[in-house]
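Enquirer: I have a structure I would like to understand better, so I am pasting it below and will then ask my questions one at a time.
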Amino acid sequence: MIEIAALTLALGLLGASLNVRYRDVGTVLPILLQVWMFVSPIVYASTIVPSRLRFVYAINPLAGIIEGARSSLFNLPFRWPSIITSVVITLSMLIFSIHVFLRMENGFADDV
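Take 1 as the starting number for the sequence shown in this note's numbering and just add one per residue.
Written out as structure tokens, the structure is:
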């Protein structure tokens with residue numbers, strides 16, 4: 001739950017910062033989020049992902065979160081590499097988003 005909250009905060013900070021500066025982000029963001037939802041392993045198992053696309057699957061931060069939830073619910077063994085990769089990517093996104101937000105914060109009043 002902490003990881004999903006951190007991911008949500010990272011995406012919210014980044015999306016809000018970019019939307020204030022670049023208004024087109026508000027139009028494109030829902031489309032990108034919908035595509036991201038379809039490529040996340042919510043309705044399909046990670047085992048059906050082709051081996052040539054495993055890297056793309058691995059860098060999706062939702063993949064580790066969903067894998068962990070699925071493992072907990074169905075009493076399956078945890079896939080620690082997937083979970084650790086997800087945590088590292090989420091923390092990296094959070095740090096980057098905070099950095100972007102703090103740099104752009106001073107110009108928010110001018111851009112609105």
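Virtual Cβ for every residue (Gly too), placed ideally from N, Cα, C.
Measure the alpha-carbon distance for glutamate 3 versus tryptophan 80 and round it to whole angstroms.
Expert: If you number the sequence shown from 1, residue 3 lands on position 3. If you number the sequence shown from 1, residue 80 lands on position 80. Straight-line Cα distance between these residues: approximately 14 Å.
Enquirer: Distance check for asparagine 19 and proline 50, CA to CA, integer angstroms please.
Expert: Here residue 50 corresponds to residue number 50 of the sequence shown, with the count starting at 1. Here residue 19 corresponds to residue number 19 of the sequence shown, with the count starting at 1. Each residue's alpha carbon lies about 35 Å from the other.
Enquirer: Count the C-beta pairs between the region 38-48 and the region 9-27 that are closer than 8 Å, then say yes if the count reaches three, no if not.
Expert: no
Enquirer: Does the ligand ADP have a heavy atom nearer than 6 Å to the CB of leucine 33?
Expert: Of the ligands one can find in the structure shown there are none, so the ligand ADP has no counterpart to examine.
Enquirer: Are there 16 or more other CB atoms within 10 angstroms of the CB of leucine 8, so buried, or fewer, so exposed?
Expert: Residue numbering aside, residue 8 sits at position 8 when the sequence shown is read from its first letter. Going by the sequence as given, residue 8 is threonine instead of leucine. With fewer than 16 other Cβ atoms within 10 Å, it is exposed.
Enquirer: Under 7 Å, do serine 92 and proline 61 count as touching if we go by C-beta distance?
Expert: Within the sequence shown, the letter at position 92 stands for residue 92. Within the sequence shown, the letter at position 61 stands for residue 61. Their beta carbons are not under 7 Å apart, which means serine 92 does not touch proline 61 by this criterion.
Enquirer: Label isoleucine 84 either buried or exposed according to how many other C-beta atoms from any shown protein chain fall within 10 Å of its C-beta, with 16 as the threshold for buried.
Expert: Counting from 1 along the sequence shown, the entry for residue 84 is found at position 84. By the neighbour-count rule (16 or more Cβ atoms within 10 Å), isoleucine 84 is not buried but exposed.
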